[in-house]
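Below is one structure, written out as structure tokens, with a few remarks after it.
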């Protein structure tokens, strides 16, 4: 299959058992394990763990994974280093509060004298807010955040056709193409209706394991 960012590619795997096993393999490879899938670019094989992002449930747009939140924290820490006066003022107020606690406590205790930018950012508990409305704009926002922080070469959407109609997919695919996202829809079945060949290219892996 040739996958580009000017069309969304759809692969339909007709045999349910094969679909299940191939999906399992794909997810495993995206997590660094061995498998049958190969992703290539310019004649070179790419590392699927780094270059592939699988969205198994297009309706689940909870973006706050540990990997992404860690990258978010690192960006905020870099930004926070530009606010030295604010950091100093915050530390002064926190230290005054800590000293008040020490004075009220019946035993001798001590506390950390200064909190770093990293510690202050962690205290903020920052995460992404994407309102889950069930609309496809949530999925687009989700993909945008993943692209910003993980930057995969290819997004795989599993059974998107099962939860969308042809008009919704048309709007979604136009948006993804405009944003230059490379997308593969992995499907166990699709509607036998016409589709916009300017937006989508379809491949079928039939029950004889032939790609057509």
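Numbering (the working numbering), first residue to last: 17 to 228.
Cβ atoms here follow ideal geometry from the backbone N, Cα and C, with glycine treated the same way.
Distance check between residue 46 and each of 104, 65, 214 places 65 closest, using alpha-carbon atoms only. Nearest to residue 142 by alpha-carbon distance, out of 122, 93, 59, is 93.
Cβ contact annotation for residue 221 (same chain, cutoff 6 Å, sequence separation greater than five): 29, 227, in chain order. CA-to-CA, the gap between residue 43 and residue 168 works out to about 14 Å. In summary, residue 195 is exposed, with fewer than 16 beta-carbon neighbours lying within 10 Å of its beta-carbon over all protein chains present. For residue 193, the closest C-alpha among the options 209, 204, 214, 202 is that of 214. Nearest to residue 36 by alpha-carbon distance, out of 205, 158, 212, is 205. Counted as a single uninterrupted DSSP element, the alpha helix (DSSP H) harbouring residue 35 occupies residues 32-46.
A residue is called buried once 16 or more other Cβ atoms fall within 10 Å of its Cβ, and residue 159 is buried on that count. Of the candidates 179, 76, 171, 171 places its Cα closest to the Cα of residue 70.
Across the structure, residue 18 and residue 128 are spaced so that their CA atoms are roughly 57 Å apart.
In this structure, the beta-carbon distance from residue 26 to residue 217 falls below 9 Å. Membership of residue 157 in the alpha helix (DSSP H) is indicated by the continuous run 152-165. When 208, 223, 175 are compared, the shortest CA-CA separation from residue 200 is found for 175.
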